[in-house]
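J.:
Numbering (this note's numbering), first residue to last: 1 to 89.
(1) Tell me the DSSP secondary structure of residue 32 in three-state form.
(2) Would you say residue 59 and residue 21 are within 8 Å of each other, going by their C-beta atoms?
(3) Quick check on DSSP: helix, strand or coil for residue 4?
(4) Keeping to the same chain, check which residues put their C-beta closer than 8 Å to that of residue 87; ignore five residues upstream and five downstream.
(5) Hey, how far is the Cα of residue 73 from the Cα of residue 1?
(6) Residues in its own chain within less than 8 Å of residue 84 by CB, not counting five upstream and five downstream?
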């Protein structure tokens, strides 16, 4: 499963929103990745996500595979929207 998001927070994916996302997805059993500019990292890795350097206005894909992939992506959408990080495309 995959969803696409536009990052709208003025600082992009800096430490605070990255921590919120990683913390939200860590309890899930499914594998989850974020892809930006042809680079893919594990969304459960704060350093991996920070290394992407996602700026405001950027579009990212988040993919999940596993037994709870749908619930995981629903949680990602909730965290991104409710914390003003971005919007679903």
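Quick reminder that beta carbons are idealized off the backbone N, C-alpha and C, glycines included.
Just so we're clear, the structure is a prediction, and the values are computed from it rather than from any experiment.
T.: According to the data block:
(1) As a first step, residue 32 is located in the chain shown; it is residue number 32 there, counting from the start. Strand, per DSSP.
(2) Locating residue 59 in the chain shown gives position 59, where the first residue counts as 1. Locating residue 21 in the chain shown gives position 21, where the first residue counts as 1. Result no, Cβ atoms of residue 59 and residue 21 do not sit closer than 8 Å.
(3) Numbered from 1 along the chain shown, position 4 holds the residue referred to as residue 4. The answer is strand: DSSP assigns residue 4 an E or B state.
(4) Numbered from 1 along the chain shown, position 87 holds the residue referred to as residue 87. Hits under 8 Å: 5, 6, 8, 80, 81.
(5) Residue 73 sits at position 73 when you count from the first residue of the chain shown. Residue 1 sits at position 1 when you count from the first residue of the chain shown. C-alpha separation (whole angstroms): 8 Å.
(6) As a first step, residue 84 is located in the chain shown; it is residue number 84 there, counting from the start. Cβ within range, chain order: 8, 9.
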